[in-house]
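For the sequence shown, our numbering gives the first residue as 233, with consecutive numbering after it.
The C-beta atom is built at its ideal place from N, Cα and C for all residues, glycine as well.
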Amino acid sequence: MTMTDNNIAIEVKNLKKYFPVEEGFFASLFKRSKNRFVHAVDDVSFSIRIGETFGLVGESGCGKSTTGYLILQIQKLTGGSIFVKGVDAVTLSRTELKEVRKNLQIIFQNPYESMSPRFSVLDIVAEPLRLLNIIEDEDKIEQKVLEELTDVGLIPAEDFLDRFPHELSGGQRQRVSIARAFALDPTFIVADEPVSMLDVSIRVGVLKTMKELSKKRGTAFLFITHDLALARTMCDRIAVMYLGRVVEQGPTEEIIHNPLHPYTKALIAAVPSPDPDATRTEELPIIGEVPSGIDIASGCRFHPRCIYARDECKEIDPLLEHVKEDHEVACLRYKEINKIK
Ligand SMILES: Nc1ncnc2c1ncn2[C@@H]1O[C@H](COP(=O)(O)OP(=O)(O)OP(=O)(O)O)[C@@H](O)[C@H]1O
Ligand code: SF4
Ligand SMILES: [Mg+2]
């Protein structure tokens, strides 16, 4: 990647998270339960620039949320490194980690679950400022909250301060979550399916607010979604995940117009066309359902579902290979499949 170090907000290298599998009674009786793991995240590396929105896309269970939680240190790593503005965030002491955590925030899928029903909007947005003693003077805290509410489009902000979550619409609640995430002026925000609980009609407005704020504040965003069309509207670059691995990553329009990995091609083929008269010329080029992350196939983990698989794909595990500019792909046969010399 052609990035200078001071452009990078977040960098992860060889991130791994294996969850031990809890076996049933009979498996444990016959001692078959040893060393079985879900390979939720399995050697994932990427960087996110300051002010950049980086999308993680893939089917349910491919490890998107776990990747986000690992970076936020909500979950403990099995392996790998995380750098926040060049600082190694894995080997920090508790006090140092507290300092770094200010820079790492999250916007959850369900704003209603992520905020206390007994807290007013003022208290919800002020909570991180108070907990971390960022601002001590209560008048200044209120001033900061008013600024944040205005920035997320809750106007006039004064009218929202004393409201409670049940007095807000879904879109307004998610705007409060966004205000809270931005209140500490963090380096990095994970937005995990942030609009999937909202009515389609209000999604665009909420997304636009998030995008404008991330650009204005220079925040690095990890935008998690199973919806490639949504990723396209939001993200500067995207990474496509399959069973705990990134199989392709690059600038969004490059990936959409020139997908090289068979799995990315399948995801793009599955996006409904906005043109009602458009006819799909091909069947979805993918076989079967997503397998579990427990018994990972040998070689390329996509091979049981890949229509281009050959014998070599059962043996060799492809690494991400640099194709051009920021575009990388992990497929042994991408040149043949895409007729690249
Ligand atoms: N706490 C946990 N304990 C055991 N397994 C887990 C845990 N959290 C996630 N997993 C497993 O890890 C894998 C990745 O899960 P993850 O939630 O990261 O996927 P995801 O891509 O976010 O999926 P979705 O789109 O459904 O939210 C899945 O197989 C999941 O069942
Ligand atoms: S390496 Fe083989 S199985 Fe894997 S995506 Fe490429 S062609 Fe398909
Ligand atoms: Mg998830």
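What's the gap between the Cα of residue i and the Cα of residue j?
i      : j      : result
Lys372 : Arg405 : 23 Å
Val253 : Ile526 : 8 Å
Gly290 : Pro360 : 31 Å
Pro418 : Gln305 : 15 Å
Leu492 : Ala461 : 18 Å
Thr511 : Pro494 : Note that Thr511 scores a pLDDT of 47, beneath 50, so its modelled location is shaky and nothing firm can be said.
Lys567 : Leu393 : 57 Å
Leu475 : Asp424 : 18 Å
Leu499 : Val522 : 13 Å
Ile303 : Ile314 : 7 Å
Val436 : Lys443 : 10 Å
Glu557 : Glu374 : 46 Å
Could you check whether residue j and residue i sit closer than 7 Å to each other, using their CB atoms as the reference points?
i      : j      : result
Thr204 : Ile421 : With the chain covering 233 to 573 only, the question about residue 204 has no answer from this structure.
Arg537 : Ile518 : yes
Phe251 : Val270 : yes
Val353 : Val273 : no
Ile177 : Arg281 : No answer is possible for residue 177: the residues shown for the chain start at 233 and end at 573.
Phe455 : Gly287 : yes
Thr285 : Met429 : no
Gly311 : Lys248 : yes
Lys334 : Leu364 : yes
Gly531 : Asp543 : no
Glu243 : Ser297 : no
Thr441 : Arg464 : no
Ala562 : Val479 : yes
Glu379 : Ala415 : no
Val332 : Arg412 : no
Using 10 angstroms around the beta-carbon of residue i, count the other beta-carbons present and answer buried if the total reaches 16, otherwise exposed.
i      : result
Arg362 : exposed
Ala502 : exposed
Lys497 : buried
Thr338 : Rather than Thr, the amino acid found at residue 338 in this sequence is Ile. Answer is buried; the Cβ neighbour count reaches 16.
His554 : exposed
Ala321 : buried
Pro504 : exposed
Gly403 : buried
Glu560 : buried
Val398 : Strictly speaking, residue 398 in this sequence is His, with Val absent from that position. Classification of His398: exposed, given that the 10 Å Cβ count is below 16.
Thr323 : exposed
His489 : exposed
What does DSSP give as the partner residue(s) for residue i in the beta ladder?
i      : result
Ala562 : DSSP lists no partner for Ala562.
Gln341 : Beta-bridge pairing links Gln341 to no other residue.
Tyr250 : His271
Val244 : Phe278, Ile314
His554 : Glu560
Handout entry: alpha helix (DSSP H) runs wholly inside the stretch 401 to 435, at least 4 long, in chain order
Key = 402 to 414
Exercise for the section: At 3 residues or longer, and completely inside the stretch 452 to 520: list those beta strand (DSSP E) runs for me, N to C. Expected result: 452 to 457, 469 to 474, 477 to 483
Practice task
Only counting runs of 4 or more residues, tell me where the alpha helix (DSSP H) segments fall wholly within the stretch 262 to 348, in order along the chain.
Solution key: 296 to 304, 326 to 333
Handout entry: Length at least 4, wholly inside the stretch 367 to 402: the alpha helix (DSSP H) runs in chain order
Key = 370 to 383
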